[in-house]
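This report concerns only the one structure given below.
In my numbering, the protein residues as written are 947 to 1262.
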């Protein structure tokens, strides 16, 4: 149940240098509520979760009947991030939020200064286009629109509605400004965290895509290498057959070497004499240590099979 007005303790603590609120006229009650707000905001990291906490705790700690957190989208449009009321707990709106209602939040975003409407009559007089019924206050209500800032830049608005008229004296304004400052700093922190995590997720996705492309590239290299080897073998065999038909006899040198998937047959070439063929085999053996077998076959034009075929001793 919302309190009818913002009550505060008239007793003033002694001002101590470095004490939060010292010199501002805030009471111990105000400082205790600000500490409670800071603790609640410290329990979350995500921007949207912090917006919900800010709306809920700001309503509870200020005695408002309704609170709304308004932020800026990337395109500069003002949208409602979260709101809280007596009827319902803080609600997180859909991603992107809904458009902020009325000119008052937009004025605060532009000016960077709070807007105090202590009564409905004052609100109607100063802002005749302000949709007060949408802003959830009673017939004798009051409203406060406070900038949410970080690094001297206004990034949102904290809207508060009260069921009864409010004087909004100096102490009350100071307290509400401190509430908005705490919420603004937390939302700025949450925005940084959310963006950093989005970049990290994007980096992980990009790295996974690169690894997938690399695996595909490696597979293509292996496949195309096999195609190249088969093409080279076929070309050498065609050249050998051409040479064999052009001469009365020829010596073909074939060999096997260890491949990726097992022994692979190769054709070294066609030679005019067995001596030159053997010399070529031994030269190949010295250059390639993966050869496991080599043979020389003699061909003539009047036979479909080699006349002779001998294995070459590859031992040193």
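Where a beta carbon is used, it is the ideal one built from N, C-alpha and C, also for glycine.
{"Asked": "Residue environment, residue 1112, which counts as buried when at least 16 other CB atoms sit within 10 Å", "Found": "buried"}
{"Asked": "Buried or exposed (CB count within 10 angstroms, at least 16 for buried), residue 1129", "Found": "buried"}
{"Asked": "Assigned exposure category for residue 1118 - 16 Cβ within 10 Å defines buried", "Found": "buried"}
{"Asked": "Minimum C-alpha distance to residue 971 - residue among 1124, 1057, 985", "Found": "1124"}
{"Asked": "Cβ separation of residue 1001 and residue 1030, assumed to be a contact under 8 Å, to the nearest whole Å", "Found": "4 Å"}
{"Asked": "Assigned exposure category for residue 1273 - 16 Cβ within 10 Å defines buried", "Found": "This structure does not reach residue 1273, given that the chain is present from 947 up to 1262, and the question cannot be answered."}
{"Asked": "DSSP bridge partner residues for residue 1088 (one or two, in chain order)", "Found": "1108"}
{"Asked": "Helix, strand or coil at residue 1212 [DSSP, three-state]", "Found": "strand"}
{"Asked": "Residue 1016 beta carbon less than 8 Å from that of residue 1105", "Found": "yes"}
{"Asked": "Residue 1218, enclosing alpha helix (DSSP H) - first and last residue", "Found": "No alpha helix (DSSP H) contains residue 1218, which DSSP labels as neither H nor E."}
{"Asked": "Best match in 1121, 1138, 1205 for proximity to residue 980 [C-alpha to C-alpha]", "Found": "1121"}
{"Asked": "At least three beta-carbon pairs within less than 8 Å, the region 1140-1160 to the region 1094-1105", "Found": "no"}
{"Asked": "Unbroken alpha helix (DSSP H) run spanning residue 1031, endpoints", "Found": "Careful: residue 1031 lies outside any alpha helix (DSSP H), inside the beta strand (DSSP E) at 1024-1031."}
{"Asked": "Buried versus exposed, by CB contacts within 10 Å (16 or more), residue 1126", "Found": "buried"}
{"Asked": "Spatially closest choice to residue 1064 from 1088, 1054, 1073, 994, by CA coordinates", "Found": "1088"}
{"Asked": "Reduced DSSP secondary structure (H/G/I, E/B, other) of residue 1197", "Found": "strand"}
{"Asked": "Own chain, CB closer than 6 Å to residue 1132, minus 5 neighbours either side, in chain order", "Found": "987, 996"}
{"Asked": "Local Cβ density within 10 Å of residue 1169, reported as buried at 16 or more and exposed below that", "Found": "exposed"}
{"Asked": "Residue 1240 beta carbon less than 8 Å from that of residue 1199", "Found": "yes"}
{"Asked": "Beta-carbon proximity list for residue 1100, same chain, < 6 Å, skipping 5 on both sides", "Found": "1055, 1058, 1093"}
{"Asked": "Proximity below 8 Å, CB of residue 1107 to CB of residue 1033", "Found": "no"}
{"Asked": "Under the three-state DSSP convention, the category residue 1203 falls into", "Found": "strand"}
{"Asked": "Residue environment, residue 1076, which counts as buried when at least 16 other CB atoms sit within 10 Å", "Found": "buried"}
{"Asked": "Beta-carbon spacing of residue 1215, residue 1226 below 8 Å", "Found": "yes"}
{"Asked": "Local Cβ density within 10 Å of residue 1005, reported as buried at 16 or more and exposed below that", "Found": "buried"}
{"Asked": "Spatially closest choice to residue 1237 from 1145, 1217, 1209, by CA coordinates", "Found": "1209"}
{"Asked": "Element boundaries [beta strand (DSSP E), containing residue 1061]", "Found": "1061-1063"}
{"Asked": "CA-to-CA distance, residue 1103 to residue 1073, given in whole angstroms", "Found": "17 Å"}
{"Asked": "Residues near residue 1197 in its chain [Cβ-Cβ closer than 6 Å; skip 5 each side]", "Found": "1217, 1220, 1223, 1242, 1244"}
{"Asked": "Where residue 1143 falls, given that 16 or more other Cβ within 10 Å makes a residue buried", "Found": "exposed"}
{"Asked": "Pair within 8 Å by beta-carbon distance, residue 993 and residue 1140", "Found": "yes"}
{"Asked": "Nonlocal neighbours in the same chain, by C-beta distance under 6 Å from residue 1003, ignoring five residues either side", "Found": "983, 986"}
{"Asked": "Whole-angstrom distance between residue 1148 and residue 1068, CA atom to CA atom", "Found": "50 Å"}
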